[in-house]
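If you read the protein sequences in the order shown, they are chains A and B.
Under the numbering used here, the first residue of the first sequence is numbered -17, with each subsequent residue one higher.
Under the numbering used here, the first residue of the second sequence is numbered 42, with each subsequent residue one higher.
Glycine included, each C-beta is placed from N, C-alpha and C at the ideal position.
Computed from a prediction, not measured in an experiment: that's the story for all the values here.
Beneath this line is the structure, given in structure tokens, with notes to follow.
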Amino acid sequence: ETGVTQSPTHLIKTRGQQVTLRCSSQSGHNTVSWYQQALGQGPQFIFQYYREEENGRGNFPPRFSGLQFPNYSSELNVNALELDDSALYLCASSLVGSGIGSPLHFGNGTRLTVT
Amino acid sequence: GIQVEQSPPDLILQEGANSTLRCNFSDSVNNLQWFHQNPWGQLINLFYIPSGTKQNGRLSATTVATERYSLLYISSSQTTDSGVYFCAVEGNSGYSTLTFGKGTMLLVSP
Chain A
-17 ETGVTQSPTH
-7 LIKTRGQQVT
3 LRCSSQSGHN
13 TVSWYQQALG
23 QGPQFIFQYY
33 REEENGRGNF
43 PPRFSGLQFP
53 NYSSELNVNA
63 LELDDSALYL
73 CASSLVGSGI
83 GSPLHFGNGT
93 RLTVT
Chain B
42 GIQVEQSPPD
52 LILQEGANST
62 LRCNFSDSVN
72 NLQWFHQNPW
82 GQLINLFYIP
92 SGTKQNGRLS
102 ATTVATERYS
112 LLYISSSQTT
122 DSGVYFCAVE
132 GNSGYSTLTF
142 GKGTMLLVSP
């Protein structure tokens, strides 16, 4: 069973730039969620993708956008980067629609630093 | 939205001691998970436990859904148990999304 993988592991960007983070879901999972974890805080839900469509969104501005591909992998795009976007970005996958509860499994994250 | 409170915020133990971490939540939940985040940021799934009791080695967890709390027990703690422990719940929004507590930071000293 292949777990959730994220790339890159670390990234440094300049304020105003754009960034794309990537995630491959765990095999057998059909749903991908993205979370932002600022230093010293718990992860905060950004959005979730199911069947290639956004299926729920947290309190994040539209410059945070995403995609899910037919193979269930996903991208998180952030435009017009701000210093406060510096955080650990976590991707999680799960199986929705199986009729039973499905735990979320997280990748190791991408640590983004905006200077 | 659903609120999740964890206690204590910080805990220092000597190796071999036992501990109990608590998670209170404000509404009924479809899912509750306990995670351990190591110093490198890796978030490891410990338990998926919307109700009942589970055990895995030195760790066990109990969720009393009707009273809206969950407990994580760590017995005979080891230095490798150090890190932040998060409780996260999924409410009844229809999406499998988790709301996290602020975590309990555990330091186990030799």
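Can a CB atom of chain A be found closer than 8 Å to the CB of residue i?
i	result
T138 of chain B	yes
F66 of chain B	no
G144 of chain B	yes
Flag this pair as yes or no: are the beta carbons of residue i and residue j separated by less than 8 Å?
i	j	result
G132 of chain B	I53 of chain B	no
T(-13) of chain A	G89 of chain A	yes
G38 of chain A	W16 of chain A	no
A100 of chain B	L84 of chain B	According to the sequence as given, residue 100 of chain B is Leu; it is not Ala. No, Cβ-Cβ distance for L100 of chain B and L84 of chain B is not below 8 Å.
Just verifying my parser: in three-state terms, what is the DSSP assignment at residue i?
i	result
D122 of chain B	helix
L65 of chain A	helix
E46 of chain B	strand
A58 of chain B	coil
E34 of chain A	coil
T107 of chain B	helix
Any beta-carbon of chain B closer than 8 Å to the one on residue i?
i	result
R33 of chain A	no
P(-10) of chain A	no
G38 of chain A	yes
N90 of chain A	yes
Q50 of chain A	no
Whose Cβ in chain B lies nearer than 8 Å to the Cβ of residue i?
i	result
F27 of chain A	T138, L139, T140
L21 of chain A	The premise fails here: L21 of chain A is roughly 10 Å from chain B at the closest Cβ pair, so nothing lies under 8 Å.
R93 of chain A	G82
Which residues of chain B have a Cβ atom closer than 7 Å to the Cβ of residue i, listed in chain order?
i	result
L72 of chain A	L84
Interfacial residues, the stretch 74 to 103 of chain B to chain A, with Cβ spacing under 7 Å
The residues in question are Q74, G82, Q83, L84, N86, Y89, P91.
Between the stretch 3 to 17 of chain A and chain B, which residues of the former have a C-beta closer than 9 Å to a C-beta of the latter?
Answer set for the stretch 3 to 17 of chain A: T13, S15, Y17.
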